[in-house]
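Numbering (the numbering used here), first residue to last: 27 to 592.
Glycine included, every Cβ here is placed at the ideal spot set by N, Cα and C.
Only a predicted model underlies this, so the values are computations on that prediction, with no experimental measurement involved.
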């Protein structure tokens with residue numbers, strides 16, 4: 027705002043004493059002081075309000091005005107409540123340094139002037155920023171991104187004095203302000219993401235207010251703009267629940283270091299516009315993943331249909347340069363399998379698991395605008411499958427673990443994901459060992475799926491298992507003599523096969539379905555179109571005939587291996 031506008035506002039009680047030719051100066055803030063040297067608190071452009079308590083005699087005016095001019099203030103306003111008329115020596119000093127001088131009527135409080143200036147300056151800044159945001163949105167929607175979220179966060183900092191960060195649903199820092207000041211540590215990011223997901227799951231509308239230590243944050247959801255609209259549901263409550271579960275584990279959030287509870291509607295609308303702008307960038311990044319997803323889907327289909335190793339190898343040669351640009355040698359590969367399951371069925375969980383697995387697999391040490399550009403994730407049914415390339419491992423390696431480790435993948439994201447699953451969902455994840463050829467990829471996929479089943483047998487909402495935990499079972503099978511393997515299979519399965527032949531009881535199909543559903547009575551009964559009590563009777567008969575207990579992990583694994591070897 028201009029000094030002229032302040033002078034024209036009668037309610038402020040300002041009277042011009044000097045500097046009439048400087049009234050077009052811009053006011054960027056306001057400060058009240060009676061310090062002899064307030065320079066440390068001035069940044070330029072302020073209207074300085076003073077009650078003149080710093081003045082002991084006429085000689086004090088010149089150095090005080092000189093300090094203000096050197097700091098770049100816009101004008102000085104002296105109150106008449108304490109000393110009456112403004113001293114002539116102060117007017118002379120201001121005229122000498124071309125600093126506009128106002129007198130403030132004794133009936134007007136400095137707080138009134140301060141409130142008016144702050145409100146006007148903030149409103150003008152918000153209007154300027156809104157125009158910039160709107161221009162940036164048009165630019166991004168019609169062409170390449172104009173700098174991504176970082177540009178928008180810089181605008182928030184410079185124009186509204188707001189520090190803000192863009193976080194993924196797992197608490198990964200996607201973008202933050204470049205201005206000096208303390209950053210947002212990883213544990214704080216995870217905590218904010220967890221609070222956000224918990225608020226979304228309970229149906230609370232954003233922004234969500236979170237207090238950590240002595241700092242208040244306001245969390246704004248960043249909803250993907252490209253998500254297809256949902257079909258009508260049977261009820262409004264079902265619609266809300268279904269929508270939340272489809273997006274809660276994939277949407278970004280904007281964490282603003284401020285309490286938005288007392289913001290005006292105009293500022294809230296502006297921040298909503300900022301989230302929409304960042305959502306455009308999110309959709310652009312998702313679109314860029316299409317090629318990697320398609321490569322993963324093609325390789326997965328070849329592996330699952332038992333295609334020739336040469337054909338799979340050809341697809342891997344196409345994928346390697348896309349996922350690891352500039353790599354000279356063929357990489358090693360790992361397979362990661364993830365599944366998101368909700369207690370209430372009816373939701374296609376494959377896309378949710380795909381988006382979440384892409385986020386989990388981002389290397390936290392990676393740099394660049396898109397650190398997930400080495401990740402190719404496909405989904406089939408309720409399962410997401412990642413094809414992760416690794417640089418070729420030296421043959422002289424010392425034997426320590428390389429590549430992805432199951433526990434490490436979930437260590438940093440367990441807290442926010444547990445909040446997002448909110449008591450009615452589960453995430454289970456399995457990781458294979460690294461393989462160096464197309465021939466080993468099918469085994470790696472089976473290994474990762476088996477590891478995920480091991481994770482599913484554990485308690486907790488977020489669980490993972492790696493290939494190391496299968497060493498006593500899967501990895502030793504090739505070294506077991508054929509006669510031992512046949513005896514093992516016959517001992518477990520022959521009693522069930524004999525019983526099925528005599529009674530047509532379908533115990534073998536029941537066992538396969540029960541293991542494939544990770545021991546879930548509800549899902550298995552639904553898959554087999556049985557009443558749960560009928561399923562319990564069949565499982566009880568299996569346990570009676572074999573002497574095993576299907577509630578024990580060891581017996582589940584033995585049955586699983588026996589079925590695979592048969």
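When 290, 281, 488, 224 are compared against residue 274, the one with the closest alpha-carbon: The sequence position of residue 274 within the chain shown is 248, counting from 1. Nearest option by C-alpha distance: 224.
Classify residue 244 as buried or exposed, calling it buried when 16 or more other Cβ atoms lie within 10 Å of its own Cβ. Looking up residue 244 in the chain shown gives position 218. Counting Cβ neighbours within 10 Å, residue 244 comes out buried, since at least 16 surround it.
For residue 70, the nearest candidate out of 102, 286, 43, 345 (CA to CA): For the purposes of this step, residue 70 is identified with residue 44 of the chain shown, where counting begins at 1. Checking every option, the nearest Cα to that of residue 70 belongs to 102.
How many Å lie between residue 46 and residue 126 at the Cα? If you number the chain shown from 1, residue 46 lands on position 20. If you number the chain shown from 1, residue 126 lands on position 100. Spanning the two alpha carbons is a distance of roughly 7 angstroms.
Leaving aside the five residues before and after residue 532 along the sequence, list all residues of the same chain whose C-beta is less than 7 angstroms from its C-beta, in chain order. To locate residue 532, count along the chain shown from 1; it is residue 506. Cβ neighbours of residue 532 beyond the five flanking positions: 526.
So residue 385 and residue 195 are supposed to be a Cβ contact under 8 angstroms. How far apart are they, rounded? Translated into positions along the chain shown, residue 385 becomes position 359. Translated into positions along the chain shown, residue 195 becomes position 169. In this structure residue 385 touches residue 195 by the C-beta definition: roughly 7 angstroms separates them, less than 8 angstroms.
With a threshold of 16 other CB atoms inside 10 Å of the CB of residue 73, please say whether the residue is buried or exposed. If you number the chain shown from 1, residue 73 lands on position 47. Sixteen is the threshold: when 16 or more other Cβ atoms of the shown chains lie within 10 Å of the Cβ of residue 73, as they do, the residue is buried.
Report the CB separation of residue 361 from residue 471 in whole angstroms; it is logged as a contact under 8 angstroms. Reading the chain shown from its first residue, position 335 is the one you call residue 361. Reading the chain shown from its first residue, position 445 is the one you call residue 471. Indeed, because the Cβ distance is near 5 angstroms, the residues count as touching under 8 angstroms.
Using beta-carbon positions only, say whether residue 58 and residue 136 come within less than 7 angstroms of one another. Taking the first residue of the chain shown as 1, we reach residue 58 at position 32. Taking the first residue of the chain shown as 1, we reach residue 136 at position 110. It is a contact, given that the beta carbons lie within the stated cut-off.
Grouping DSSP H, G and I as helix and E and B as strand, with all else coil, what is residue 365? Along the chain shown, one-based indexing puts residue 365 at 339. In the structure shown, residue 365 falls within a strand segment according to DSSP collapsed to helix, strand and coil.
At the level of alpha carbons, what is the spacing between residue 466 and residue 301? Your numbering for residue 466 matches position 440 in the chain shown. Your numbering for residue 301 matches position 275 in the chain shown. Rounded to whole angstroms, residue 466 to residue 301 spans 44 angstroms at the Cα level.
Tell me where the beta strand (DSSP E) around residue 405 begins and ends. Start at 1 with the first residue of the chain shown, and residue 405 comes out as number 379. Residues 402-406.
Measure from the alpha carbon of residue 202 to the alpha carbon of each residue in 231, 407, 121, 189, then state which is nearest. For this step, residue 202 is matched to residue 176 along the chain shown. The residue with the shortest Cα to Cα distance from residue 202 is 189.
Could you check what DSSP says for residue 469 in three-state terms: helix, strand or coil? Looking up residue 469 in the chain shown gives position 443. Looking at residue 469 - three-state DSSP - the assignment turns out to be helix.
Coil, strand or helix - residue 426 by DSSP: Sequence index remark: in the chain shown, residue 426 carries index 400 (1-based). Residue placement at residue 426 is poorly supported in this model, since its pLDDT is 44, which falls under 50; the coordinates are not used for a value here.
Please report the distance separating the alpha-carbon of residue 529 from that of residue 357. Reading the chain shown from its first residue, position 503 is the one you call residue 529. Reading the chain shown from its first residue, position 331 is the one you call residue 357. Near 52 angstroms, if we compare the C-alpha coordinates of residue 357 and residue 529.
Nearest to residue 233 by alpha carbon, out of 200, 283, 575? For the purposes of this step, residue 233 is taken as residue 207 along the chain shown, with counting starting at 1. With distances taken between Cα atoms, residue 233 lies closest to 283.
Assign residue 258 to one of three DSSP states: helix, strand, or coil. Here residue 258 refers to the residue found at position 232 of the chain shown. Because the pLDDT at residue 258 is just 36, under 50, the model does not fix this residue reliably, and the value given afterwards should be weighed accordingly. In the structure shown, residue 258 adopts coil according to DSSP, grouped into three states.
Just tell me which of 281, 185, 272 has its CA closest to the CA of residue 408. Along the chain shown, one-based indexing puts residue 408 at 382. Closest by C-alpha distance to residue 408, out of 281, 185, 272, is 272.
Start and end of the beta strand (DSSP E) containing residue 244? Sequence index remark: in the chain shown, residue 244 carries index 218 (1-based). Segment 241-248, the beta strand (DSSP E) holding residue 244.
Thinking just about the alpha-carbon of each residue, which of 227, 484, 340, 480 is nearest to the one in residue 492? Counting from one through the chain shown, the residue named residue 492 turns up at place 466. Nearest C-alpha to residue 492: 480.
Rounded to whole angstroms, how far is the Cβ of residue 54 from the Cβ of residue 29, which I believe are closer than 8 angstroms? By 1-based counting over the chain shown, the position of residue 54 is 28. By 1-based counting over the chain shown, the position of residue 29 is 3. Residue 54 to residue 29, Cβ: 12 angstroms. No contact.
Through-space distance from residue 446 to residue 278, alpha-carbon basis: For the purposes of this step, residue 278 is identified with residue 252 of the chain shown, where counting begins at 1. For the purposes of this step, residue 446 is identified with residue 420 of the chain shown, where counting begins at 1. If you take the alpha carbons of residue 278 and residue 446, they lie about 13 angstroms apart.
For residue 219, is the classification buried or exposed, using 16 other Cβ atoms within 10 angstroms of its Cβ as the cut-off for buried? Within the chain shown, residue 219 is the residue found at index 193, counting from 1. The residue is buried, with at least 16 neighbouring Cβ atoms inside 10 Å.
Range covered by the beta strand (DSSP E) that runs through residue 238: The residue labelled residue 238 in the question sits at position 212 within the chain shown. From DSSP, the beta strand (DSSP E) with residue 238 extends over 234-238.
Leaving aside the five residues before and after residue 515 along the sequence, list all residues of the same chain whose C-beta is less than 8 angstroms from its C-beta, in chain order. What you label residue 515 is simply residue 489 of the chain shown in a count that begins at 1. Cβ neighbours of residue 515 within its own chain (closer than 8 angstroms, five residues either side excluded): 588, 591, 592.
Which word fits residue 535, buried or exposed, when buried means at least 16 other C-beta atoms lie within 10 angstroms of its C-beta? The residue labelled residue 535 in the question sits at position 509 within the chain shown. Label assigned to residue 535: exposed.
Residue of 415, 221, 363, 387 minimising C-alpha distance to residue 405: Along the chain shown, one-based indexing puts residue 405 at 379. Nearest option by C-alpha distance: 363.
Pick from 512, 346, 146, 182: whose alpha carbon is nearest that of residue 296? Here the question's residue 296 lines up with position 270 in the chain shown. Measuring from the Cα of residue 296, the nearest candidate turns out to be 182.
Contact check, residue 322 vs residue 403 under 8 angstroms by CB: the rounded distance? In the chain shown, the residue the question calls residue 322 occupies position 296. In the chain shown, the residue the question calls residue 403 occupies position 377. About 6 angstroms separates the Cβ atoms of residue 322 and residue 403, confirming a contact at the 8 angstroms cut-off.
Name the two residues that bound the continuous alpha helix (DSSP H) containing residue 564. The sequence position of residue 564 within the chain shown is 538, counting from 1. First-last of the alpha helix (DSSP H) with residue 564: 558-572.
Tell me which residues share the same chain as residue 442 and place their Cβ nearer than 7 angstroms to its Cβ, disregarding the 5 neighbours each side in the sequence. For the purposes of this step, residue 442 is taken as residue 416 along the chain shown, with counting starting at 1. The residues are 195, 196, 197, 216, 219, 220, 223.
Could you confirm whether any beta carbon from chain D is found closer than 7 angstroms to the beta carbon of residue 177? Of the chains in the structure shown, none is chain D; there is only one protein chain.
How big is the Cα-Cα spacing for residue 429 and residue 488? Here residue 429 refers to the residue found at position 403 when the chain shown is read from its first residue. Here residue 488 refers to the residue found at position 462 when the chain shown is read from its first residue. Approximately 21 angstroms, taken between the alpha carbons.
Pairwise C-alpha distance: residue 537 and residue 552: The count along the chain shown starts at 1 and reaches residue 552 at position 526. The count along the chain shown starts at 1 and reaches residue 537 at position 511. Put simply, the backbone Cα of residue 552 is about 14 angstroms away from that of residue 537.
Is it buried or exposed, residue 61, if we count other Cβ atoms within 10 angstroms and call 16 or more buried? Start at 1 with the first residue of the chain shown, and residue 61 comes out as number 35. Exposed, by the Cβ-count rule.
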